[in-house]
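Reviewing the structure listed below.
In the working numbering, the protein residues as written are 54 to 194.
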């Protein structure tokens, strides 16, 4: 224990960095558990699509969408997402909705906006299209 305290005293910047990383890791884990937006893996997404007729919303750019997207996905342009304009999806408010972006990070913000707009079942594809393609799941071009 004495050596540990001496190490921290001699390398306070390194020790502070490790503590900060641990705090950020714990914060990230706790906030994801408490978030109303749930992250779903590729298996859960395919189950929702097949059994509950889930609507897949792709928020990537039109060029990325053209290169490959999930079968049946609807492209929602970035400018509409930024404005919170989900009027094209009004008839899908009661269906499960899965928001997809490139890596799963941007989709969380959009999903939170959709929940505030009155959509009841909004989820995010964990890992985004990268995870979908890594799992060798079908992609439309």
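Just so it is clear, CB atoms sit at the ideal spot from N, CA and C, and this is done for glycine as well. Just so it is clear, the structure is predicted and the values come from calculations on it, not from any experiment.
- Taking C-alpha positions only, residue 125 is separated from residue 99 by approximately 12 Å.
- Apart from sequence neighbours up to five positions away, no residue of its chain approaches residue 97 with a beta-carbon distance below 6 Å.
- If you draw a 10 Å sphere on the C-beta of residue 164, you find 16 or more other C-beta atoms in it, and that means buried.
- Exposure of residue 105 is indicated by the presence of fewer than 16 other C-beta atoms within 10 angstroms of its C-beta.
- Residue burial annotation: residue 122 is buried, with at least 16 other C-beta atoms found within 10 angstroms of its C-beta.
- Rounded to whole angstroms, the separation of the alpha carbons of residue 179 and residue 191 is 17 Å.
- Rounded to whole angstroms, residue 194 and residue 117 show a C-alpha spacing of 10 Å.
- Nearest neighbour of residue 108 by Cα position, chosen from 129, 138, 187 and 188, turns out to be 129.
- Put simply, the region 130-140 does not touch the region 60-67. Fewer than three CB pairs are less than 8 Å apart.
- Our two residues, residue 158 and residue 68, have alpha carbons roughly 29 Å apart in a direct line.
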